[in-house]
Amino acid sequence: IINLRIIFSCLLCFFVLPAASFAENEKGLISHNQIIIQLVNHLGAKDDATRNEAGIALRSTAKREDVEFLVSSLRKGNQVEKQVFLIETLARIGDERAVPGLIFELEHGSREAKLAAITALGYIGSDQPIAFLTKIAKSVSDVEMSMRAISALGRIGSQRALYALENTSAKFHSKERESLKRATKWAIEYASPDFDKEGISTNLGPGRRMIRSYRGMRFYYYFPGTIDKDPSKTWLLVCVHDNDLDAKRLADYCWKYGRENRVAVLVPYFDNINYPEYWNFDLRSDRSDVRFLELVDYLSRYTQINNNEIYLFGLGKGAEFVQRFVLAYPDKVAKAASVLPDELSEYSADKVFPEGVGPTVFAPDIQIDLKKFIKTDIALFYNDQSAEGKRVQRELDALLRWANKKGMRSRIATRVSVLGSDAKSSRESGMIKHNVRVWDEAVNYLLEEN
């Protein structure tokens, strides 16, 4: 039961409400409807703090009785952040009456609102939008949008949704669409009644490669068949895949190095349904970093590996995850290699995490200390001919100048990719297996002192 008096008091802490509202509250409890109206109004605030606090409060406060008002507000709105918060709120409520409004947003909204609306339709679980979602899934001009639609169909999970997924999968023939085929395969499996979304694998044996699951997250795992008398000395190498979702290929690579160096290897599969933006920690929903930490802790307890400081390798979007993980959890990292990232976090407190390093209301537990970050062993592998590569070096130069002024010695390293100006296109076309030199250099950097 929601205590409306507490909610109103919280509102007064974050927002400046009209004096009439305060006077009304003095006479008794302010109505639920008035609270919802005030929260929606503050979604249009100019400053980020007010808008975000209002959005977070709305998501936890709104009920089914508010659906019609929220849908009406959605249709009238034209501010991206406001639309996204309204859509996320409707997704959490899960009422089918929101479907027409969400479809309207798919047709007329911004790209950010469309992505949020697709995800919301999956959570609501109605068959109504299947035709719209199927059309988006097949339109491969925007891979992220297609992947999001495939994920929504998988979450809906009805017979009609499964038929749409199977029909859609047959359309993906080219190698460039392999990521969509993987997303579709996972969505079909996820929709199966036999899929255990909360199950935890316990059959973890040494000396063999395994595919297991932890509360719905699939992972590839290996730990040495013969370990020291003190198994806590067995180090853990974690490899994080790109948004092509090819965790298996990455696991094959990592297993080879794990076996040669007698270290445990973990490749978590950040699937497209539960972790659509894993590289940004999925801060607005189920956080990928939190689930990853749970998994590492579980494996440490069950197979007695050393998880005090882990070795991290990330490719593409996985490289972004790695850099942000080192920023957020430097004490948990022994060494890290971030290879060919698309867009790293800037080392500026003026921008909130994950765009920058400033605190965010979506993850108040993450408090970034740049002093710890620059003292952590991390190598950034990038293409010095690309715009992103040049930005990586520019941002890092600024950080190192700041460190020098503070009298601190940095342990951050940079490596110019041997792939030259074709690095990004090679990665996107799924040809990273041919770029062994970059992979070898990154892993050798990680394990050279192990």
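Position 347 (the sequence shown) corresponds to 327 in the numbering used here; numbering is contiguous.
Yeah, the Cβ is synthetic: ideal placement off N, Cα and C, and Gly gets one too.
Nearest-angstrom Cβ-Cβ length linking residue i and residue j, presumed shorter than 8 Å
i	j	result
serine 159	valine 123	7 Å
alanine 93	valine 60	6 Å
serine 53	glutamate 76	Serine 53 to glutamate 76, Cβ: 18 Å. No contact.
leucine 376	threonine 394	7 Å
alanine 167	serine 131	6 Å
isoleucine 83	arginine 44	With a Cβ gap of about 19 Å, isoleucine 83 and arginine 44 do not count as contacting.
Sequence-distant residues of its chain with Cβ nearer than 7 Å to residue i (five each side left out)
i	result
tyrosine 258	Phe250, Ser268 and Phe301
aspartate 266	Asn254
aspartate 46	Ile16
arginine 157	Val120
alanine 78	Val47, Val51, Leu70 and Ile104
isoleucine 191	Arg198 and Tyr200
glycine 137	Ala171
serine 126	Ile116, Ala117, Ser119, Val120 and Leu160
aspartate 322	Gly296, Lys297, Glu300 and Glu368
glycine 35	Leu23 and Phe65
lysine 331	Gly338
Neighbour-count burial assignment, residue i, 16 or more Cβ in a 10 Å radius
i	result
histidine 88	exposed
tyrosine 143	exposed
alanine 367	exposed
threonine 340	buried
glycine 8	At glycine 8 the pLDDT is 49, less than 50, meaning the model places this residue with poor confidence and gives no usable figure here.
valine 220	buried
arginine 188	exposed
asparagine 13	exposed
valine 64	buried
glutamate 428	exposed
threonine 114	buried
threonine 148	buried
glycine 185	exposed
tryptophan 419	buried
valine -4	Low confidence applies to valine -4: its pLDDT is 41, below 50, so where it sits in the model is not reliable enough to give any reading.
asparagine 384	exposed
aspartate 262	buried
alanine 111	exposed
asparagine 183	exposed
leucine -8	Because the pLDDT at leucine -8 is just 44, under 50, the model does not fix this residue reliably, and the point stays unresolved.
proline 256	buried
glutamate 178	exposed
valine 20	buried
Closest by C-alpha distance to residue i, when choosing among the options
i	options	result
arginine 39	Ile67, Ser318, Leu142 and Ala343	Ile67
asparagine 363	Leu320, Trp235, Lys165 and Tyr237	Leu320
lysine 355	Asp176, Ile392 and Ser90	Ile392
glycine 238	Trp215, Asp322, Asn252 and Lys228	Trp215
proline 109	Ile36, Ser121, Arg135 and Val120	Arg135
arginine 195	His12, Ala42, Asp176 and Lys115	Asp176
leucine 246	Asn223, Leu225, Phe261 and Phe272	Phe272
alanine 329	Val313, Tyr309, Gln347 and Ala314	Gln347
threonine 69	Lys56, Phe84, Leu86 and Phe49	Phe49
leucine 225	Arg371, Lys161, Ile168 and Arg264	Lys161
leucine 133	Ile116, Ser390 and Val120	Ile116
glutamate 421	Ala383, Phe361, Lys26 and Gly387	Phe361
isoleucine 285	Lys213, Val270, Trp235 and Tyr233	Lys213
glutamine 139	Glu169, Val372 and Lys26	Glu169
asparagine 252	Ala314, Glu240 and Arg128	Arg128
lysine 352	Asp28, Trp235 and Arg389	Arg389
alanine 141	Asn223, Leu101, Asp174 and Gly179	Leu101
glutamate 289	Val372, Tyr282, Arg281 and Asp311	Asp311
asparagine 32	Phe152, Lys386 and Pro344	Pro344
lysine 386	Gln373, Leu350, Arg371 and Val372	Leu350
tyrosine 202	Lys236, Ala244 and Thr164	Ala244
proline 181	Tyr282, Leu86 and Lys26	The residue you asked about is not proline; residue 181 is serine in the sequence shown. It is Tyr282 whose Cα lies nearest to the Cα of serine 181.
lysine 370	Phe333, Leu324, Arg381 and Lys26	Leu324
Contact set for residue i: own chain, Cβ-Cβ below 6 Å, skip 5 residues either direction
i	result
asparagine 424	none
proline 204	Arg242
alanine 227	His221, Val247 and Tyr249
alanine 231	Tyr200 and Val247
leucine 145	Leu133, Thr164, Ala167 and Ile168
alanine 308	Ile346
Cβ neighbours of residue i in the same chain (closer than 8 Å, five flanking residues each side left out)
i	result
alanine 316	Tyr291, Leu292, Phe293, Gly294, Val302, Gln303, Phe305, Val306, Thr356, Asp357, Ile358, Ala359 and Leu426
aspartate 277	Asn287
glutamate 274	Tyr194 and Arg195
glutamate 431	The shown model of the chain, from -19 to 430, leaves out residue 431, and the question about it has no answer.
serine 401	Below a pLDDT of 50, predicted positions are generally treated as unreliable, and serine 401, at 45, falls in that range; the measurement from the model is reported next regardless. Excluding sequence neighbours, serine 401 sits near Asn363, Gln365 and Ser366.
Identified DSSP bridge partners for residue i
i	result
valine 319	Leu295 and Phe361
arginine 395	Phe361
proline 248	Phe199
tyrosine 194	Ile180 and Met197
valine 332	Gly338
leucine 216	Ala244
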